[in-house]
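**Student:** Protein chains in written order, with the numbering used here: chain H, 2 to 305; chain R, 12 to 317.
Below is one structure. I have some questions about it.
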């Protein structure tokens, strides 16, 4: 095929046919535009689907206020006869749940603060400062995403056991101090961040750290919020490592505690669902408050 | 030309100083993160390779036994079962998970009202912990007290064993897992769909493409990189399937829900055969690595030849 042939082919198209095609297309676009003004048909699928998706959580909350007798009756009532709070008092008074909750708050809080500081520092350095070995280090950091935790968990346990961290909250905090994902998130944010402001700060005689602290970080709030939310959700929900690293009940996190409680209180579904509700509520609150940033972060990380 | 030489020397000196200060600040900023992340991944990874060649029982280092663990795992029926179960989960979940995610994303992409409400609803299961969700679904699918069996009975259908029935348990877990991951697939697909320029759709429409033609010839090829990402992500995630199993079936009944990671955890931390567990972990690592690289290579090939 040469260019000449395509050039010759063009005039052969009948102008009338061409115009008819455009009109047909316009009519089609118009028709879909007209359809759009009707009640949107997507809701017919989306509304029932979204309700089915949240229904298990609704059931969780409802049963947490039912008595075991209500739950065990066949068929169970769809609504608690009165607000029974015995399940909650069992969880809060007859188990170590308050400890678990507090431990989870400590671990997740420490993880969030540490990652905000360490990931933004590292992300900034990789995006802005040309230092020896920066490219190699960045590649190595990103390559760690390919190493599953299940591969490193056995030696990690042995190391933490040898330095006496096992069965302390420290064992849970240290692996969460920073993360390759967090560094990458901040790195890609700082790369798309205008340089001019920092250069102005540098000319005014600020050190790198001052520029970072006074100029860069305040402007990085959206990225920091996203990182904080993701870190909190991940740290709060983690089960695998706390299950391995913690052996005494007072040091459990909520997830490990809940799983253990579930095993001990078999068929006391009222109490189990109360515990499950209490475990789920904090993370849902954080998600609802920071939803926009959370969605931006997960979609941004994929596109980047 | 003494002055220019001096200027050159001064410039070189200044450059050297800038580079040195860059090295110092760069490492001061990135150093802590680099040490923690690399220290907690590459060192244990190499250590695990050594452990897999020993008969370590987790607390004592054990003796070097060469490749005995690897020859043993080739004949391990439980490992084969765990492998099959994990693959079955992927086969049951991935095609439906991606197709349903794309379908809902397309519905949400039609300038639909209350899109924020829908997105919140679909993302809630993705955000809540898998441990809590496992317990919740253990309750919902409980053969005696569960609401699902109550519903089945109400419409005159026989009650089911669900998670206590070896022939159903894995499928029930796949359904629960689908429910937890659904929102993530939707959100990622929705972002990809919103990136398709309106002009491309209009151009296709002018060329006479109907709804289906536009879907197959414009939408699907444009979002292929995202599909491959979700495929790789989904596979890696299925390979790490643990929390739901731990809080529902503990690998039972009759090992019908034993997954690779659950088996590794049992080997290392329940049976204290850490050396053997490390060998199984290496098999898991190489399998997921091969799958990831293959999918990425496939994605790249398809992008070059349209």
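Built from N, CA and C at the ideal position, the CB exists for glycine as well.
If you follow the alpha helix (DSSP H) that residue 84/H is part of, which residue opens it and which one closes it?
**Tutor:** Along the first chain, one-based indexing puts residue 84/H at 83. Where residue 84/H is concerned, there is no enclosing alpha helix (DSSP H), given that its DSSP letter is neither H nor E.
**Student:** Does the segment 154-167 of chain R touch the segment 126-133 of chain R, meaning 3 or more C-beta pairs lie closer than 8 Å?
**Tutor:** No: the two stretches stay apart, fewer than three of their Cβ pairs being nearer than 8 Å.
**Student:** Within the continuous alpha helix (DSSP H) that includes residue 130/R, where are the two ends?
**Tutor:** What you label residue 130/R is simply residue 119 of the second chain in a count that begins at 1. From DSSP, the alpha helix (DSSP H) with residue 130/R extends over 126-138.
**Student:** Classify residue 89/H: buried if its beta carbon has 16 or more other beta carbons within 10 angstroms, exposed otherwise.
**Tutor:** Residue mapping note: residue 89/H aligns to position 88 of the first chain, counting from 1. Counting Cβ neighbours within 10 Å, residue 89/H comes out buried, since at least 16 surround it.
**Student:** Reducing DSSP to helix, strand and coil, say where residue 238/R ends up.
**Tutor:** Reading the second chain from its first residue, position 227 is the one you call residue 238/R. DSSP places residue 238/R in helix when its eight states are reduced to three.
**Student:** Quick one, which of 113/H, 142/H and 276/H has its alpha-carbon nearest residue 45/R's?
**Tutor:** Stepping through the second chain from its first residue, residue 45/R is reached at position 34. Comparing Cα positions, the closest option is 142/H.
**Student:** Using a Cβ-Cβ cutoff of 8 Å, what residues of the segment 183-199 of chain R are near chain H? List them in chain order.
**Tutor:** Within the segment 183-199 of chain R, the qualifying residues are 190, 193, 194, 195, 198 and 199.
**Student:** Using beta-carbon positions only, say whether residue 158/R and residue 77/H come within less than 8 Å of one another.
**Tutor:** Walking along the second chain from the start, residue 158/R turns up at place 147. Walking along the first chain from the start, residue 77/H turns up at place 76. Cβ atoms of residue 158/R and residue 77/H: closer than 8 Å.
**Student:** Select from 73/R, 260/R and 298/R the residue whose C-alpha is nearest the C-alpha of residue 184/R.
**Tutor:** Taking the first residue of the second chain as position 1, residue 184/R is located at position 173. Taking only the C-alpha atoms, the option nearest residue 184/R is 260/R.
**Student:** Going by DSSP, what residue range makes up the alpha helix (DSSP H) through residue 238/H?
**Tutor:** As a working note, residue 238/H is residue 237 in the first chain. Residue 238/H -> alpha helix (DSSP H) spans 222-238.
**Student:** If we cut at 8 Å on Cβ distances, does residue 100/H have a partner in chain R?
**Tutor:** Numbered from its first residue, the first chain carries residue 100/H at position 99. No, because no Cβ of chain R sits closer than 8 Å to the Cβ of residue 100/H.
**Student:** Just checking my contact of residue 318/R with residue 300/R at CB under 8 Å: how many whole Å lie between their CB atoms?
**Tutor:** Since the first residue shown for chain R is 12 and the last is 317, residue 318/R is missing from the structure and cannot be characterised.
**Student:** First and last residue of the alpha helix (DSSP H) that includes residue 146/H?
**Tutor:** As a first step, residue 146/H must be located in the first chain, where it is residue number 145. From DSSP, residue 146/H is part of no alpha helix (DSSP H); its letter is neither H nor E.
**Student:** Using the three-state DSSP reduction, which class does residue 75/R fall into: helix, strand or coil?
**Tutor:** Your numbering for residue 75/R matches position 64 in the second chain. Residue 75/R falls in the strand class under three-state DSSP.
**Student:** I'd like to know whether the C-beta of residue 143/R is nearer than 8 Å to at least one C-beta of chain H.
**Tutor:** As a first step, residue 143/R must be located in the second chain, where it is residue number 132. Residue 143/R counts as touching chain H.
**Student:** Residues of the segment 235-262 of chain R in Cβ contact with chain H at a cutoff of 8 Å, in chain order, please.
**Tutor:** Answer in chain order: 237, 240, 247, 250, 251, 253, 254, 257 and 258.
**Student:** What is the rounded straight-line gap between the Cα of residue 6/H and the Cα of residue 201/R?
**Tutor:** Taking the first residue of the first chain as position 1, residue 6/H is located at position 5. Taking the first residue of the second chain as position 1, residue 201/R is located at position 190. Any answer about residue 6/H is weak, because its pLDDT of 40 lies below 50 and its placement is not dependable; what the coordinates show is given next. Computed Cα separation, rounded: 41 Å.
**Student:** Leaving out five residues before and five after residue 317/R in sequence, what residues of the same chain have Cβ atoms less than 6 Å from its Cβ?
**Tutor:** In the second chain, residue 317/R corresponds to position 306, counting from 1. With a pLDDT of 37 at residue 317/R, under the threshold of 50, the predicted position of this residue should be treated as unreliable, though the coordinate-derived value follows. So no residue of the chain qualifies.
**Student:** Can you give the Cα-Cα distance for residue 4/R and residue 255/R, rounded to whole angstroms?
**Tutor:** The first residue shown for chain R is 12 and the last is 317, placing residue 4/R beyond what the model contains.
**Student:** Below 7 Å on C-beta distance, what does residue 284/H contact in chain R?
**Tutor:** As a working note, residue 284/H is residue 283 in the first chain. Those within 7 Å of residue 284/H in chain R are 138, 139 and 140.
**Student:** Taking C-alpha atoms, which residue in 296/R, 148/R and 117/R lies nearest to residue 231/R?
**Tutor:** On the second chain, position 220 is the one that residue 231/R refers to. Out of 296/R, 148/R and 117/R, 117/R has the C-alpha closest to the C-alpha of residue 231/R.
**Student:** Compute the beta-carbon to beta-carbon distance between residue 130/H and residue 40/R, rounded to the nearest angstrom, for a pair I have assumed lies under 8 Å.
**Tutor:** Residue mapping note: residue 130/H aligns to position 129 of the first chain, counting from 1. Residue mapping note: residue 40/R aligns to position 29 of the second chain, counting from 1. That belief holds up - the Cβ atoms of residue 130/H and residue 40/R are roughly 7 Å apart, short of 8 Å.
**Student:** Which stretch, first to last residue, makes up the alpha helix (DSSP H) that contains residue 248/H?
**Tutor:** Translated into the one-based positions of the first chain, residue 248/H becomes position 247. That residue, residue 248/H, is in no alpha helix (DSSP H); it is neither H nor E in DSSP.
**Student:** Of the residues 17/R, 54/R and 112/R, which one's Cα is nearest the Cα of residue 198/R?
**Tutor:** Within the second chain, the letter at position 187 stands for residue 198/R. Nearest C-alpha to residue 198/R: 112/R.
**Student:** Measure the C-alpha to C-alpha separation of residue 83/R and residue 42/R and round it to an integer number of angstroms.
**Tutor:** Residue 83/R sits at position 72 when you count from the first residue of the second chain. Residue 42/R sits at position 31 when you count from the first residue of the second chain. The alpha-carbon atoms of residue 83/R and residue 42/R are separated by roughly 41 Å.
**Student:** Which one or two residues does DSSP pair with residue 65/R in a beta bridge?
**Tutor:** In the second chain, residue 65/R corresponds to position 54, counting from 1. DSSP lists 75/R as partners of residue 65/R.
**Student:** Going by beta-carbon coordinates alone, are residue 260/H and residue 142/R separated by less than 8 Å?
**Tutor:** Taking the first residue of the first chain as position 1, residue 260/H is located at position 259. Taking the first residue of the second chain as position 1, residue 142/R is located at position 131. The answer is yes: Cβ separation under 8 Å.
**Student:** Taking 8 Å as the CB-CB cut-off, is residue 303/R touching chain H?
**Tutor:** If you number the second chain from 1, residue 303/R lands on position 292. Chain H contact via Cβ: present.
**Student:** Strictly under 8 Å for the Cβ-Cβ distance: is residue 185/H near chain R by that measure?
**Tutor:** Residue numbering aside, residue 185/H sits at position 184 when the first chain is read from its first letter. No - not a single Cβ of chain R is within 8 Å of the one on residue 185/H.
**Student:** Strictly under 8 Å for the Cβ-Cβ distance: is residue 216/R near chain B by that measure?
**Tutor:** Here chain B cannot be found, since the structure's protein chains are H and R.
**Student:** Can you check whether the CB of residue 120/H is closer than 8 Å to the CB of residue 183/H?
**Tutor:** Along the first chain, read from residue 1 onward, the residue named residue 183/H stands at position 182. Along the first chain, read from residue 1 onward, the residue named residue 120/H stands at position 119. Contact: yes.
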